[in-house]
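Taking it in order: structure first as C-alpha cells, then the write-up.
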Amino acid sequence: MDRREFLRLGAVGGGAVFISGLYGPALAAAGGEDFYFVQLSDSHWGYKGPANPDAQNTLKQAVERVNALPAPPEFIVFTGDLTHTTDDPAERRRRMAEFKEIVAGLKVKEIHFLPGEHDASLDKGAAYQEFFGPTHYSFDHKGVHFIAIDNVSDPGARIGEAQLAWLKADLATQAQDARIVVITHRPLFDLAPQWDWATRDGAQAIALLMPYANVTVFYGHIHQENHHMSGHIAHHAAKSLIFPLPAPASQEKRTPLPWDDAAPARGLGFREVEAQARTGFQITELPVVKG
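The sequence shown begins at 1 in full-length UniProt numbering and counts up one residue at a time.
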C-alpha cells in the first residue's frame with residue numbers, strides 16, 4: 001500500500017483529507033519532492049485533573065500511535081504546550097525533562113518543537129530554551145520553507161517588534177511564489193480573543209506573509225480541529241493530546257469538555273500532512289487511540 005492509498009483509507013475511517021493552501025504546481029516547478037510530516041500539539045505533560053484522569057498515559061499512547069504508522073514521517077512538529085503550567089521553576093524543568101524523555105521514543109529523525117504559553121509565558125521561555133533551543137527559527141525541507149513563530153513567550157500574547165523584524169528579514173530571502181509553512185502555537189488571527197485565542201500583533205505577521213502566494217499555517221492552543229482562511233492563507237488548528245475544548249466562543253468560559261469514560265480518547269488526536277509535488281498539502285486527522 002502506498003502513501004496516497006493509506007491516506008485515502010484513513011479518510012474513510014474518519015480522518016479529514018483535503019488540499020490546503022500550498023499549491024502543487026509551484027512545488028513541482030521548484031523541483032520539490034513528496035514527503036510527509038506529523039503535527040502533535042498540546043500534551044500538557046504534568047496536568048492532573050478531571051478533564052483527563054488518564055493524563056499520565058495519553059502522551060505515551062500518542063508516541064506509540066505515531067511509531068505504529070505504516071511509514072515513519074520525515075519529521076514531527078510539536079506546536080506548543082508541551083507541559084502544563086506551574087509557578088515552580090524546578091517543577092517546570094522536571095516536567096520538561098520528563099516530556100523530552102518520553103518523546104525521545106518517537107521513531108523519527110527530527111522533531112521541531114515550539115513553546116506554548118504553558119511552557120514559556122511565566123519565564124519568557126527561559127526554561128524552554130534550556131531543553132529545546134530557540135523559540136523561533138526557520139528551516140527548509142524538500143522545497144518547502146518552514147517558519148516557527150513564537151507568540152507565547154511574551155505574556156501579553158505578542159510576537160513582538162524584534163521577532164517581526166526577524167520574520168520580515170527571513171521572508172525577504174524567499175521568492176514570492178515560495179512554498180511557505182508557518183508553525184505557531186496561538187492562532188495568528190482573532191478566533192476568540194475573549195478566550196485568549198488570538199495574537200495581539202498577529203495581523204502584522206499575516207500582513208508580512210500576505211505577499212507570498214503559497215502560505216499555510218499550522219497551530220495548536222485551541223485543542224480542536226479548526227480551519228480558517230485569511231485571504232489565500234490557510235490556517236489549520238490541531239487537536240490536543242490532553243483534553244478537547246469547546247467550539248470558539250460557544251459558551252462563557254473555555255472549560256474543557258467533560259471526560260467520557262466510554263470514549264476516553266474522544267476529541268484527542270494528531271495529524272499527518274503530506275506535501276505532494278502535484279496536488280499540494282493533504283491533511284489527515286488521526287485519533288490518539290486506533291479503533
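The C-beta atom is built at its ideal place from N, Cα and C for all residues, glycine as well.
Margin query: Rounding to the nearest angstrom, what Cα-Cα distance links Q251 and H185 in this structure?
Written below: As a first step, residue 251 must be located in the sequence shown, where it is residue number 251. As a first step, residue 185 must be located in the sequence shown, where it is residue number 185. Going from the Cα of Q251 to the Cα of H185 covers about 22 Å.
Check: Where do the N-terminal and C-terminal ends of the alpha helix (DSSP H) with A237 fall, by residue?
Finding: Position 237 of the sequence shown holds residue 237. It is not in any alpha helix (DSSP H) - A237 instead sits in the beta strand (DSSP E) that spans 233 to 237.
Notebook entry, point to check: Hey, which unbroken runs of the alpha helix (DSSP H) at 4 residues or more fall wholly within the segment 51 to 106?
Noted result: With a minimum length of 4 residues, the continuous alpha helix (DSSP H) runs that stay inside the segment 51 to 106 are 55 to 67, 89 to 103.
Check: What are the residues that DSSP puts in a beta bridge with W197?
Finding: In the sequence shown, the residue the question calls residue 197 occupies position 197. According to DSSP, W197 bridges with A192.
Note to self: For L69 and Y36, what's the separation of their Cα atoms in angstroms?
What the structure shows: Reading the sequence shown from its first residue, position 69 is the one you call residue 69. Reading the sequence shown from its first residue, position 36 is the one you call residue 36. L69 and Y36 have their C-alpha atoms spaced approximately 12 Å apart.
Check: Under 9 Å between the Cβ atoms of D34 and A234?
Finding: Indexing the sequence shown from 1 puts residue 34 at position 34. Indexing the sequence shown from 1 puts residue 234 at position 234. For the 9 Å CB-CB criterion, D34 and A234 do not form a contact.
Note to self: Using C-beta distances below 8 Å, list every residue in its chain close to A157, excluding the 5 sequence neighbours before and after it, in chain order.
What the structure shows: Position 157 of the sequence shown, counted from the first residue, corresponds to residue 157. The answer, listed in chain order, is E117, N151, R186, D196, A198, T199, R200.
Notebook entry, point to check: Among the residues of its own chain, which have a CB less than 6 Å from the CB of F139, if the five just before and after it don't count?
Noted result: Here residue 139 refers to the residue found at position 139 of the sequence shown. Result list for F139: F146, in chain order.
Next item on the list: Round the Cβ separation of V38 and V63 to the nearest angstrom and send it over; I've been treating them as touching at under 8 Å.
Entry: Numbered from its first residue, the sequence shown carries residue 38 at position 38. Numbered from its first residue, the sequence shown carries residue 63 at position 63. Between V63 and V38 the Cβ distance is about 11 Å, and since that is not below 8 Å, they are no contact.
Next item on the list: Give me the Cα-Cα distance between Q176 and Q56, rounded to the nearest whole angstrom.
Entry: The residue you call residue 176 lines up with position 176 of the sequence shown. The residue you call residue 56 lines up with position 56 of the sequence shown. It is roughly 45 Å from the alpha-carbon of Q176 to the alpha-carbon of Q56.
Checklist line | C-alpha distance - P53 paired with R179, whole-angstrom precision | finding: Counting from one through the sequence shown, the residue named residue 53 turns up at place 53. Counting from one through the sequence shown, the residue named residue 179 turns up at place 179. When rounded, the distance between both Cα atoms is 41 Å.
Check: Which of helix, strand or coil does DSSP assign to H118?
Finding: Numbered from 1 along the sequence shown, position 118 holds the residue referred to as residue 118. Helix, per DSSP.
Item checked: Any 3 or more C-beta pairs closer than 8 Å across the segment 188 to 195 and the segment 215 to 229 -> A contact between stretches requires three or more CB pairs, one per stretch, nearer than 8 Å, and the segment 188 to 195 meets this requirement with the segment 215 to 229.
Note to self: Counting C-beta neighbours from all protein chains within 10 Å, is the total for D154 16 or more, i.e. buried, or is it exposed?
What the structure shows: In the sequence shown, residue 154 corresponds to position 154, counting from 1. Under this definition D154 is a buried residue.
Notebook entry, point to check: Which partner residues of P287 appear in the DSSP bridge assignment?
Noted result: By 1-based counting over the sequence shown, the position of residue 287 is 287. Its beta-bridge partners are G269.
Checklist line | Neighbourhood of A148 by C-beta, 6 Å cutoff - its chain only, sequence neighbours within 5 removed | finding: Indexing the sequence shown from 1 puts residue 148 at position 148. Once the five neighbours on either side are set aside, the close Cβ partners of A148 are L114, H136, Y137, I183.
Notebook entry, point to check: Once you ignore the five residues that flank L22 on each side, which residues in its own chain have a CB closer than 6 Å to its CB?
Noted result: The residue labelled residue 22 in the question sits at position 22 within the sequence shown. Confidence in L22 is poor, its pLDDT being 49 and thus under 50, which makes the residue's placement too unreliable to answer from.
Next item on the list: Identify the continuous alpha helix (DSSP H) that holds L164 and give its terminal residues.
Entry: Residue numbering aside, residue 164 sits at position 164 when the sequence shown is read from its first letter. DSSP places L164 in the uninterrupted alpha helix (DSSP H) bounded by 161 to 171.
Check: Can you name the start and end residues of the beta strand (DSSP E) that Y36 belongs to?
Finding: Taking the first residue of the sequence shown as 1, we reach residue 36 at position 36. Boundaries of the beta strand (DSSP E) harbouring Y36: 35 to 40, taken from the DSSP string.
Next item on the list: Could you work out which residue in D88, H223, H232 is closest to I206 when comparing CA atoms only?
Entry: For the purposes of this step, residue 206 is taken as residue 206 along the sequence shown, with counting starting at 1. Cα-wise, what sits closest to I206 is H232.
Next item on the list: Using three-state DSSP, classify Y128 as helix, strand or coil.
Entry: Numbered from its first residue, the sequence shown carries residue 128 at position 128. The answer is helix: DSSP assigns Y128 an H, G or I state.
Margin query: Between which residues of its own chain and G15 is the CB-CB distance below 7 Å, once the five residues before and five after are set aside?
Written below: Within the sequence shown, the letter at position 15 stands for residue 15. Only weak support exists for where G15 lies, its pLDDT of 44 falling under 50; the value from the coordinates is given anyway. Result list for G15: T284, E285, L286, in chain order.
Note to self: Here's the rule I'm using: 16 or more other beta-carbon atoms within 10 Å means buried, otherwise exposed. How should H44 be labelled?
What the structure shows: Here residue 44 is taken as the residue at index 44 of the sequence shown, counted from 1. When all chains shown are included, H44 counts as buried.
Checklist line | Supposed contact pair A127 and P89 - C-beta distance, whole angstroms, cut 8 Å | finding: Here residue 89 refers to the residue found at position 89 when the sequence shown is read from its first residue. Here residue 127 refers to the residue found at position 127 when the sequence shown is read from its first residue. Going by Cβ atoms, the distance from P89 to A127 rounds to 7 Å, so yes, they are a contact pair.
Item checked: DSSP state of I206 mapped onto helix, strand, coil -> Against the sequence shown, residue 206 aligns to sequence position 206. Three-state DSSP puts I206 in a helix.
Next item on the list: Look at G202 and I242 and say whether their C-beta atoms are less than 9 Å apart.
Entry: Position 202 of the sequence shown, counting from 1, holds the residue named residue 202. Position 242 of the sequence shown, counting from 1, holds the residue named residue 242. The Cβ-Cβ distance between G202 and I242 does not fall below 9 Å.
Note to self: Quick check on the burial criterion: 16 or more other C-beta atoms within 10 angstroms. Buried or exposed for G133?
What the structure shows: Residue mapping note: residue 133 aligns to position 133 of the sequence shown, counting from 1. A residue is called buried when at least 16 other Cβ atoms come within 10 angstroms of its Cβ; G133 does not meet this threshold and is exposed.
Item checked: Per-residue DSSP class, three states only, for A148 -> The sequence position of residue 148 within the sequence shown is 148, counting from 1. Strand.
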